[in-house]
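Participant:
What follows is the structure, encoded as structure tokens:
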């Protein structure tokens with residue numbers, strides 16, 4: 112009989128959105144080994160995932176975005192040595208990953224196939240297929256461990272009463288992406304036009320955002336009269352409260368950012384602005400999640416991030432979406 116009590120380490124470095132997309136992989140393995148202890152190794156910036164899911168028992172952190180990333184990884188490795196894990200599952204296609212997993216000395220090691228070394232060092236070197244919804248891409252890592260398939264992220268949030276006729280808008284993206292010149296949303300003045308037009312059509316418009324969205328929210332507030340919408344910027348103190356707010360919305364409108372994946376997990380009718388990123392990789396094929404893209408974009412390489420470009424171009428033709436186009440989708 113299969114031992115259902117194991118200590119399992121998952122490693123996934125990335126933003127909060129990546130952690131949410133990775134959750135189904137963890138959930139499926141937990142269902143296969145219900146008495147297991149789950150540890151997630153991640154970046155400190157994504158620690159909020161623990162407030163959205165109780166499936167993670169313990170966390171380990173490595174700040175691989177700082178200048179001393181190899182020192183951070185060495186510290187992580189030393190911590191792993193004292194934990195006596197039975198299985199490790201790691202995302203990431205870097206050739207270094209398989210060597211890192213080998214050095215953990217964990218008996219069962221699962222990661223992506225990055226060449227001959229990974230085939231030699233890993234228990235299973237999984238073919239990386241980026242041309243699919245990211246949830247499925249991550250889940251491929253554990254298909255040899257379990258036949259259970261979790262299709263979407265599952266969050267531990269309370270059900271909320273839906274606010275009638277409400278459109279909750281979260282216009283921002285992470286400040287880190289902006290600093291890296293990765294532009295994934297429309298300008299604040301277009302968001303302002305959307306808010307005003309939806310309000311004029313009788314919608315109960317609610318605006319939300321966190322610290323990263325301060326500049327965008329302030330620009331919107333200078334343009335749109337206060338009586339047109341409810342400004343809840345700064346009112347959600349953590350990710351759990353933001354998730355509960357999203358759960359109360361009839362319609363959610365957002366950029367390609369972490370709140371998008373929260374809304375998908377909660378099953379909220381969601382409309383999301385897409386420019387240079389590939390909607391087919393970031394949202395499920397569902398009537399509940401509708402991508403909004405520029406209708407007249409003539410860019411020959413759209414979507415271009417991340418395979419073709421690492422930063423946004425100067426023209427941003429893919430984000431020249433009018434407020435009328437956006438409003439038409441929602442109405």
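In the numbering used here, the protein residues as written are 112 to 442.
A virtual CB, placed ideally from N, CA and C, is assigned to each residue, including glycine.
1. Return the chain-ordered list of same chain residues with a C-beta closer than 7 Å to the C-beta of residue 359, the five sequence neighbours on each side being excluded.
2. Would you kindly work out how many angstroms separate the C-alpha atoms of residue 370 and residue 354, rounded to a whole number?
3. Excluding sequence positions up to five away, which residues of its chain have a Cβ less than 7 Å from the Cβ of residue 393?
4. Can you find at least 3 beta carbon pairs, one from the segment 125-140 and one from the segment 207-218, that sit closer than 8 Å?
5. What alpha helix (DSSP H) runs, 4 residues minimum, are completely inside the segment 142-168?
6. Could you compute how far the alpha carbon of residue 153 sits from the alpha carbon of residue 122?
7. By how many angstroms is the C-alpha of residue 389 removed from the C-alpha of residue 421?
8. Please report how far the alpha carbon of residue 415 lies from the alpha carbon of residue 385, in whole angstroms.
9. Starting from residue 370, trace the alpha helix (DSSP H) both ways and give me its first and last residue.
10. Provide the residue span of the beta strand (DSSP E) that contains residue 383, from first to last.
11. Per DSSP, what are the beta-bridge partners of residue 342 in this structure?
12. Please determine if the segment 248-268 and the segment 321-341 are in contact, where contact requires at least 3 C-beta pairs separated by less than 8 Å.
13. Could you please give the first and the last residue of the uninterrupted beta strand (DSSP E) stretch that includes residue 236?
14. Please identify the residue among 135, 161, 145 whose C-alpha is closest to the C-alpha of residue 349.
15. Just grab the DSSP bridge partners of residue 250 for me.
16. Around the C-beta of residue 287, are 16 or more other C-beta atoms found within 10 angstroms, so that it is buried, or is it exposed?
17. How long is the line joining the alpha carbons of residue 428 and residue 280, rounded to whole angstroms?
18. Report all residues from its chain with a CB closer than 8 Å to the CB of residue 343; omit the five preceding and five following residues, and keep chain order.
19. When you compare the CB positions of residue 167 and residue 147, do they come within less than 7 Å of one another, or not?
20. Going by beta carbon distance, what residues of the same chain come within less than 6 Å of residue 196, once the five residues before and after it are set aside?
21. Residues in the same chain with beta-carbon distance under 6 Å from residue 251, minus the five sequence neighbours each way, listed in chain order, please.
22. From the DSSP secondary-structure annotation, give me the bridge partner or partners of residue 402.
23. Is it buried or exposed, residue 112, if we count other Cβ atoms within 10 angstroms and call 16 or more buried?
24. Enumerated in chain order, which unbroken segments of the beta strand (DSSP E) with a length of 3 residues or greater are wholly contained in the segment 281-333?
25. Going by other Cβ atoms of all chains shown within 10 Å of its Cβ, with 16 needed for buried, is residue 397 buried or exposed?
26. What is the DSSP secondary structure of residue 434, reduced to helix, strand or coil?
27. Hey, out of 239, 242, 222, whose CA is closest to residue 233's CA?
28. Around the Cβ of residue 212, are there at least 16 other Cβ atoms within 10 angstroms (buried) or fewer (exposed)?
29. Once you ignore the five residues that flank residue 433 on each side, which residues in its own chain have a CB closer than 6 Å to its CB?
30. Alpha helix (DSSP H) containing residue 121: first to last residue?
31. May I have the straight-line CA-CA distance separating residue 194 from residue 296, to the nearest angstrom?
32. Just tell me which of 391, 387, 363 has its CA closest to the CA of residue 378.
33. Quick check: residue 175 and residue 183, are their CB atoms within less than 7 Å of each other?
34. Once the 5 residues before and after residue 219 are set aside, which same chain residues still bring their CB inside 6 Å of it?
35. Suppose you measure from the CA of residue 401 to the CA of residue 409; what does that come to, to the nearest Å?
Facilitator: According to the structure shown:
1. Here residue 359 refers to the residue found at position 248 when the chain shown is read from its first residue. Beyond the five residues adjoining it in sequence on each side, residue 359 comes within less than 7 Å, by CB distance, of 271, 272, 273, 274 in the same chain, given in chain order.
2. The residue given as residue 370 occupies position 259 in the chain shown. The residue given as residue 354 occupies position 243 in the chain shown. Distance between the alpha carbons of residue 370 and residue 354 is about 8 Å.
3. As a first step, residue 393 must be located in the chain shown, where it is residue number 282. Excluding sequence neighbours, residue 393 sits near 245, 367.
4. Contact fails: fewer than three Cβ-Cβ distances are below 8 Å.
5. Segments of the alpha helix (DSSP H) lying fully in the segment 142-168: 160-163.
6. As a working note, residue 153 is residue 42 in the chain shown. As a working note, residue 122 is residue 11 in the chain shown. Looking at the two C-alpha atoms, the distance is approximately 6 Å.
7. Position 310 of the chain shown, counting from 1, holds the residue named residue 421. Position 278 of the chain shown, counting from 1, holds the residue named residue 389. The straight-line gap separating the alpha-carbon atoms of residue 421 and residue 389 is approximately 14 Å.
8. Start at 1 with the first residue of the chain shown, and residue 415 comes out as number 304. Start at 1 with the first residue of the chain shown, and residue 385 comes out as number 274. Distance between the alpha carbons of residue 415 and residue 385 is about 12 Å.
9. Numbered from 1 along the chain shown, position 259 holds the residue referred to as residue 370. 369-377 is the extent of the alpha helix (DSSP H) around residue 370.
10. Residue mapping note: residue 383 aligns to position 272 of the chain shown, counting from 1. Counting along the chain, the beta strand (DSSP E) containing residue 383 begins and ends at 380-384.
11. If you number the chain shown from 1, residue 342 lands on position 231. For residue 342, which the question treats as bridged, DSSP gives the partners 318.
12. Taking one beta carbon from each stretch, the segment 248-268 and the segment 321-341 have fewer than 3 pairs nearer than 8 Å; the two do not touch.
13. Residue numbering aside, residue 236 sits at position 125 when the chain shown is read from its first letter. Counting along the chain, the beta strand (DSSP E) containing residue 236 begins and ends at 235-237.
14. Here residue 349 corresponds to residue number 238 of the chain shown, with the count starting at 1. Out of 135, 161, 145, 161 has the C-alpha closest to the C-alpha of residue 349.
15. The sequence position of residue 250 within the chain shown is 139, counting from 1. Partner(s): none; residue 250 has no beta bridge.
16. Stepping through the chain shown from its first residue, residue 287 is reached at position 176. By the C-beta density criterion, residue 287 is exposed, having fewer than 16 other C-beta atoms within 10 angstroms.
17. As a first step, residue 428 is located in the chain shown; it is residue number 317 there, counting from the start. As a first step, residue 280 is located in the chain shown; it is residue number 169 there, counting from the start. The alpha-carbon separation between residue 428 and residue 280 amounts to approximately 23 Å.
18. The sequence position of residue 343 within the chain shown is 232, counting from 1. Once the five neighbours on either side are set aside, the close Cβ partners of residue 343 are 317, 318, 319, 356.
19. As a working note, residue 167 is residue 56 in the chain shown. As a working note, residue 147 is residue 36 in the chain shown. Not closer than 7 Å, so no.
20. On the chain shown, residue 196 is found 85 positions in, with the first residue counted as 1. 118, 120, 217.
21. Sequence index remark: in the chain shown, residue 251 carries index 140 (1-based). Take residue 251, set aside five residues on each side of it, and the residues of its chain with a beta-carbon closer than 6 Å to its own are 237, in chain order.
22. On the chain shown, residue 402 is found 291 positions in, with the first residue counted as 1. Bridge partners of residue 402: 383.
23. Along the chain shown, one-based indexing puts residue 112 at 1. Here residue 112 scores only 40 on pLDDT, less than 50, and its place in the model is too uncertain to base an answer on.
24. Runs found: 315-318.
25. By one-based count along the chain shown, residue 397 stands at place 286. By the neighbour-count rule (16 or more Cβ atoms within 10 Å), residue 397 is not buried but exposed.
26. Sequence index remark: in the chain shown, residue 434 carries index 323 (1-based). Residue state, collapsed to three classes: helix.
27. For this step, residue 233 is matched to residue 122 along the chain shown. Considering only 239, 242, 222, the residue with the shortest C-alpha distance to residue 233 is 222.
28. Mapped onto the chain shown, residue 212 falls at position 101. By the 10 Å Cβ count, residue 212 comes out buried.
29. By 1-based counting over the chain shown, the position of residue 433 is 322. Hits under 6 Å: none found.
30. Stepping through the chain shown from its first residue, residue 121 is reached at position 10. Element bounds for residue 121: not the alpha helix (DSSP H) but the beta strand (DSSP E), 118-122.
31. On the chain shown, position 83 is the one that residue 194 refers to. On the chain shown, position 185 is the one that residue 296 refers to. CA-CA distance, residue 194 to residue 296, rounds to 42 Å.
32. Position 267 of the chain shown, counting from 1, holds the residue named residue 378. For the residues 391, 387, 363, the minimum Cα distance to residue 378 belongs to 363.
33. As a first step, residue 175 is located in the chain shown; it is residue number 64 there, counting from the start. As a first step, residue 183 is located in the chain shown; it is residue number 72 there, counting from the start. Result yes, Cβ atoms of residue 175 and residue 183 sit closer than 7 Å.
34. Counted from its first residue, the chain shown places residue 219 at position 108. Within the same chain, residue 219 has close Cβ partners 198, 234.
35. Along the chain shown, read from residue 1 onward, the residue named residue 401 stands at position 290. Along the chain shown, read from residue 1 onward, the residue named residue 409 stands at position 298. Taking the CA atoms as reference points, residue 401 sits about 21 Å from residue 409.
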